[in-house]
Every structure is written in C-alpha cells, then in structure tokens.
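Beneath this line is the structure, given in structure tokens, with notes to follow.
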Amino acid sequence: MNGKKILFVSSELVPYLPENPVSLMSYEAPRMVNSNGGQIRIFMPRYGNINERRHQLHEVIRLSGMNLVINDMDMPLIIKVASIPRERIQVYFIDNDEYFKRKATFTDPDGNLFPDNDERAIFFAKGVVETVKKLNWSPDIIHVHGWMASLLPLYLREYYADEPLFADSKIVTSVYGKSFDGELDGKMIDKIAFDGIEKDSISSISAPDYNNLLKVAVDYSDAIILASEEVSDDLKNHIEGLSKPVLPYVSLQEAEEAYTNFYTTEVLK
428 MNGKKILFVS SELVPYLPEN PVSLMSYEAP RMVNSNGGQI RIFMPRYGNI
478 NERRHQLHEV IRLSGMNLVI NDMDMPLIIK VASIPRERIQ VYFIDNDEYF
528 KRKATFTDPD GNLFPDNDER AIFFAKGVVE TVKKLNWSPD IIHVHGWMAS
578 LLPLYLREYY ADEPLFADSK IVTSVYGKSF DGELDGKMID KIAFDGIEKD
628 SISSISAPDY NNLLKVAVDY SDAIILASEE VSDDLKNHIE GLSKPVLPYV
678 SLQEAEEAYT NFYTTEVLK
C-alpha cells in the first residue's frame, strides 16, 4: 500500500460514535492502510450527537462556504476536521445545520427514521466529492462503509462522471448486515433524478429500503467486501450476479492481511 491514496467514506466511525460493525471497521481499515504506508483521508457526517469540544472539531473555512443543491434547495456545506490522536489520522466532517444539527444519527427518540434521511445521504455524497475536489486529492481507491454513504458510488459514476480527479479511482463498497427496518422517503428516486440521473439506472430505489440502497452502491462499485457474516440472501444473490471481485467475510484479526491483498491484487490490478 506504500504511497497509495485511499479515501474512506463512512456513515459512522469510532471514537466519534459508539462501536458497532460499521464504526469499528471504518476505523480499523484506515488504520491498517496508514500503518502500511498508504495515504488516507476519512469522511463522515457531523451528527449533532458528536461532542465537538471533546473531540476538538474545528471548521475549515477555506473548504466551507459553498451551497449544494438538494431537490432544488440550496443547502450550505460546512466542513469540520479533527484528528484521532493515537493514530494521527485526520477526519473530515460533512456538516449542515438543517441535516445534521439534531442530537441523533439516523432516528428520533422513538426509533423512527428521520424523514429526510434520503436528502441527508444525497447531501453527504455530494459534500464529500466537492470537498475532495477542493483538496485536489485524487484517490486510487474510494472505500465506502455504511448506508448513509451508499449513494457515493452512484454520484461518482453518474453525476460526477466527467470529473477528471476521479477518472482512475476504483470504488470498493463494504456490505454490512441490515442496519435499519422500513424505507426512506418514497420520493427519494425523484430527488436523485433531479440531478439528471436516469430513473431506469436506479429503479430499485423506488422502494428505498436498506437492501436496495446497498444494491445501488454495489452496482456502481468496482469491488465488494462482505463485512458481516449476516448479509441477507437477497443482497448476496444480487452481488453474485455482478461478476465483480468480492472479498468474503473475514474476522477483524484476519482483516489487515485480507484487505491489503484485496486492494493490491483485485482492486488495483
């Protein structure tokens, strides 16, 4: 991995959010690459339940300030940054008061999904790409973790298809076990189509449940990692039909060697 640039984009990340399969592997995978000589950047949403003072987040004025259009609405993009001290790893946070100020991640106190989770996912995907463009940092690999990041492969390959910075980037999506029940807003497909993306290419999002979001993510990825043992048969069958490199599930203890080999022999070949 020496000198290779890898962009990690995740829904969740320890130590900023509680430990779960997504947040833990979103920390471990960059740490592995970092320790093997790779160059990394990490992006995640700046949820309102992340303690900015404790984790020493601060706004990066030169990266903030632009508006992103989400379903014909101008939404200001704020970029914050912090470092994971013991690893010397920098993390970029995508922020917006409308979408991320509330003191929770994905659901209200009663466990109901936020009605604008679809727009938050669109905003996050666009915000990551626009920020990386400002950084002028061309990644060799873009590794996606978690459903809030699942639209990034689609937007990179469709909305940003002519962006030269990502012309040679390979996209890897890690697929985890189901993390929410129900569906996001039924008009999600219309909001994505507003950006000029053909509905036929994302027909599964007409029913935007967890599995269908991940199907779109893997459809637009170059390689796939099964990051949980309990991935649904529906999703596994869809992945098997894609004829793309797939890394089967490995334990955390085996991950460093397995991920490094997968990156170098399957993704970057």
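If you count the sequence shown from 1, position 153 lands on 580 in my numbering, and the numbers rise without skipping. Don't be surprised by glycine CBs; every beta carbon is placed ideally from N, CA and C. Keep in mind the model is a prediction, meaning the values are calculated, not measured.
Could you have a look at residue 579 and say whether DSSP puts it in helix, strand or coil?
helix
Based on the DSSP secondary-structure assignment, which residues constitute the bridge partners of residue 535?
DSSP, once it has assigned bridges, lists no residue as partnering residue 535.
Taking only runs that begin and end inside the segment 559-613, name each unbroken alpha helix (DSSP H) of 4 or more residues, in chain order.
579-584
Which same chain residues end up closer than 6 Å to residue 640 when comparing Cβ atoms and leaving out the 5 residues on each side of it in sequence?
574 and 577
Quick check on DSSP: helix, strand or coil for residue 468?
strand
Shortest alpha-carbon distance to residue 439 belongs to which of 551, 565 and 642?
Proximity to residue 439 across 551, 565 and 642 peaks at 551, based on C-alpha coordinates.
Would DSSP call residue 645 helix, strand or coil?
helix
Please report the residue range of the alpha helix (DSSP H) in which residue 616 lies.
615-620
According to the Cβ coordinates, are residue 618 and residue 498 closer than 7 Å?
Yes.
If distances are taken between C-alpha atoms only, which option among 623, 630 and 600 comes closest to residue 613?
Comparing alpha carbon positions, the residue from 623, 630 and 600 closest to residue 613 is 630.
Consult DSSP for residue 522 and reduce its assignment to one of helix, strand or coil.
strand
On the DSSP bridge list, what partners appear for residue 503?
494
Candidates 432, 673, 491 and 648: which alpha carbon is nearest residue 654's?
673
Would you kindly check if the distance between the Cβ of residue 441 and the Cβ of residue 579 is under 7 Å?
no
Would you call the CB atoms of residue 636 and residue 610 closer than 7 Å?
yes
With respect to 6 Å, is the separation between the Cβ of residue 478 and the closest non-hydrogen atom of the ligand FAD below this value?
The ligand FAD is absent from the structure shown, which contains no ligand whatsoever.
Is it true that the CB of residue 529 sits closer than 7 Å to the CB of residue 475?
yes
Please say whether residue 645 and residue 616 have beta carbons closer to each other than 7 Å?
no
If you compare alpha carbons, which of 669, 660 and 601 is closest to residue 690?
601
Measuring alpha carbon to alpha carbon, tell me which of 488, 536 and 533 ends up nearest residue 519.
Residue 488 holds the alpha-carbon nearest to the alpha-carbon of residue 519 among 488, 536 and 533.
Whole angstroms is fine: what's the gap from residue 584's alpha carbon to residue 568's?
14 Å
For residue 553, which residues of its own chain have a beta-carbon under 7 Å away from its beta-carbon, when the five flanking residues on both sides are left out?
495 and 582
Short check: CB of residue 465 to CB of residue 433, under 7 Å?
yes
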